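This report concerns only the one structure given below.
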Amino acid sequence: MRYKFLPLFILAASSQHVLAEHVSLPAMSVEGVPGEATPYELPIFAISSPDTGDLVKRLPGANVNKNGPITSIAQYRGLFADRVNVLIDGVRLNQAGPNRMDSPLSAIPSSRLADVSVYRGIAPVSTGIETIGGTMTANSKQAEFTSTDEFEFHGNVNAGYAENGNTRQAGLLASIANARHRFQVAGSVDRGNDLEFDGGDIDPSKHTRDTISLGYGLQQNGNEFSLDIEHHDTGETGTAALPMDIIFARGEHYKTSFDKALSNGATVSASLNYQDDEHRMANYVLRSPGMMQRHADAEVESVGYRFTYAQNNWLVGIDGDQADHDTDIFDPTNTMFYINNFNDVERDRYSAFTEWSGNISSNWKLQSGARITYVQTDAGEVDSSMAMMNANVRTLRDQFNAADRSQNDTLIDLSMVFTHTINSDIDLEFGLARKQRAPSYQERYLWLPMQSTSGLADGNNHIGTIDLDPETAYQAELGLDWHTPKAGVSPRVFYHHINDYIQGTAVPSSNMAALMVSNMMGGDTTPLQYNNVDAKLYGVDTNWFVSLSNEWQLDGTLSYVRGKRRDTSDNLYRIAPLSARTMLSYVQTNWRIGFEAETIARQNKVSTENEEQKTSGYAVFNLTGNYQPKDNVLITAGINNLFDRDYEDHLAGYNRISDNADIALGDRLPGLGRSAYIAANVSW
Ligand SMILES: [Cu+2]
């Protein structure tokens, strides 16, 4: 059962009917609202953007760091990038790009999306390895088995247009299935020109992306087998907050899984996935290069696996993955030039977990888990053509190549979440956890001062520290779910105490070679070096709804997080400001209109270490409507940023383009201007 706020409940019921395959419309009576489900799933919304990140932003406590139109990096309660475990169709993807240009959320276009969700608060250990910043999931639409031997043809097609950037998107799912076999094909096309704001154009912010996938499923006597192959291809796409733009990011993902129900009531599951991705980025195709033309070629190859055994209240499993990364930088005007940015980098994880969940008394529930993980990282020797002429590059290269680059970490995660039912309307939740994360390969192996920083986009050159320690977070959570048919609210208060938090700190003056090279590479005289520091994050987030009458509904979310260093008086970098979404809806059986306010506070608690700029508060208003002329047809339309408000999203990066006529170099990138959109969704 899902906790849908009343207006959204109806919207979700109607749109899900359209989105799901041949499922009869759920009854619309609302008698008692079930408690909040785990994970908290977002009712599917009018899709006005190709970016799944724009839906993630609607989850309580969640936000996205946006380095480009389809390069959203998930943020949850102030932690982002490698700290948040994002599962796309159940798989944690690795990124070819050392700056997350191919972020996990970019792998799933909104036109193919079935749902996005977040495990609110402490993520169960079974949801992944390294879940220090929680777990989010995004799943694509899947065809279903039918109930007879007869093969049936079903499908879903949707297409949308948004005025801003002349954005076009379409997605398709078609299937032939009976009760035993399921064949499906899915695909999508996304195109968009440079986006506009009240003061001009955001250059470059065009995007292009195609995906296609083939899937087969077999079910028989309680056993289920599936095989999916996905090809995705992002073409020239702007990332104005980063030093280069995407030329392409493409590859194949393979996934197979097998589930078997045993006669003793247990279930065994096994899955295996493989990905092979390649990526090129350049600073001279979608922007003018300034002094130096550069492009970089990056690739990742990875294998992941998972076996679980579930019986009664117990779940035990082993899982892991192994990833190989390479990135090289070139100069198109000088074939002799090269830099091994990352050479033959490996990051392998081996993990085992156990989880127990169930009732410990009539009104107390417990979900508890423990996980142990062994992380092994290593990097090959590096070189650069610059080492011949430049003694400092030579020094950094020789130091790196002489160092012991092979590193091992053992991580232990523990979690306990108690839910206490006070009465049918009120649940209390209390959780405690210890979660760990091993350093990323960028944090360890970035040997030359550069900006390959997993999408930080702070403009600072960074260098790695090979022997960094893992981060250890102690997390506490207190929550309330109050839910009646007429109103509901589910606030959560949280505190994270993080030891050895990994953050760039000033490169010491003793490291002359790094300081000199940093000055040469983009003129950053104050580069940062990844270091273990101490941090804390705390805050509150909630969703809520009130049904004012049969037709008028009010609902929203509110998210607040404060992130601070504990070893200095500084703040953490790129923390979402206090944000609220409030929607007033008028709901009828087959149509609905909503008026939404996004109110965002200023962010003046910024990181001095990362030279972060403050932002002002603002409010943006959106108008949205749905109309369902027939059971299987849904039309959505609306206008985002109705009053064409000019604003700066604190989580957008800074403009890195010197030849942008409308935005100064180093200014924060503006939020999108007004955009009217329309989309249609048809199922059969
Ligand atoms: Cu890239």
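First residue of the sequence shown? That's 898 in our numbering, and the numbers climb one at a time after it. C-beta: ideal position from N, C-alpha, C; glycine also. None of these values were measured; they are calculated from a predicted model.
A heavy atom of ligand 1 is found nearer than 7 Å to the CB of I1143. A straight-line Cα-Cα distance of about 41 Å links G1361 and A1207. Per DSSP, S1085 lies in no alpha helix (DSSP H) segment; the continuous beta strand (DSSP E) that holds it begins and ends at H1078 to G1089. The three-state reading of DSSP puts S1349 in coil, since its state is none of H, G, I, E or B.
The C-alpha of D1355 lies about 6 Å from the C-alpha of N1507.
In terms of Cβ geometry, H1547 and A1477 do not form a close pair [threshold 8 Å].
The three-state reading of DSSP puts M1033 in strand, counting E and B together. Three or more beta-carbon pairs separated by less than 8 Å link the stretch 1062-1073 to the stretch 1007-1016, which places the two stretches in contact.
For N1055, the enclosing beta strand (DSSP E) stretches over residues E1049 to A1059.
Judged by beta-carbon spacing, S1282 lies beyond the 8 Å limit of Y1338, meaning their Cβ atoms are not closer than that value. Within the stretch 1470-1528, the runs of beta strand (DSSP E) that reach at least 3 residues and sit entirely inside it are, in chain order, 1476-1484, 1488-1497 and 1515-1527. By alpha-carbon distance to D1322, the top candidate from L1365, T1381, N1357 and E1368 is T1381. Cβ-Cβ distances below 7 Å link H1222 to V1197, F1239, V1242 and Y1338 in the same chain, with the five nearest sequence neighbours on each side left out; the list follows chain order. When DSSP reads this structure, Q1066 sits in a beta bridge with G1057 and D1087. Remark: the C-beta of H1394 is outside contact range of ligand 1, defined as less than 7 Å to any heavy atom.
D1216 is classed as buried because its beta carbon has at least 16 other beta carbons within 10 Å across all chains shown. For E1340, the enclosing alpha helix (DSSP H) starts and ends at Y1338 to Y1342. When Cβ pairs closer than 8 Å are counted between the two stretches, the stretch 1499-1518 is seen not to touch the stretch 1053-1067, the count staying below three. Annotation for A1158: G1119 and T1164 place their beta carbon closer than 6 Å to its own, counting only its chain and skipping 5 residues before and after. Residue pairing for P995: DSSP places it in no beta bridge.
For S1312, the CB contacts under 6 Å within the same chain, skipping 5 residues up- and downstream, are I1019, V1022, G1266 and A1330 in chain order. Residue side-chain check: M1178 places its Cβ nearer than 7 Å to a non-hydrogen atom of ligand 1.
In this structure W1344 is buried. Its beta-carbon is surrounded by 16 or more other beta-carbon atoms within 10 angstroms. Around the beta carbon of K1332, 16 or more other beta carbons sit within 10 angstroms, so the residue counts as buried.
Less than 8 Å divides the Cβ of G1522 from the Cβ of I1490. The beta carbons of L1092 and P966 sit closer together than 8 Å. Under the 8 Å Cβ criterion, the stretch 1288-1297 counts as touching the stretch 1399-1411, having at least three qualifying pairs. A straight line joining the alpha-carbon of S1110 with that of R1203 spans about 22 Å. When distances are taken from the beta-carbon of N996 to the heavy atoms of ligand 1, the shortest one is below 7 Å.
The beta carbon of A1558 sits no closer than 7 Å to any heavy atom of ligand 1.
The C-alpha of D1107 lies about 40 Å from the C-alpha of K1461. Below 8 Å, too few C-beta pairs join the stretch 1033-1041 and the stretch 1556-1565 to call them touching: fewer than three.
For ligand 1, no non-hydrogen atom lies closer than 7 Å to the CB of A978.
If you draw a 10 Å sphere on the C-beta of I1144, you find 16 or more other C-beta atoms in it, and that means buried. Secondary structure at M1417: helix, using DSSP grouped into helix, strand and coil.
Taking every protein chain shown into account, the CB of M1233 has fewer than 16 other CB atoms within 10 angstroms, so this residue is exposed.
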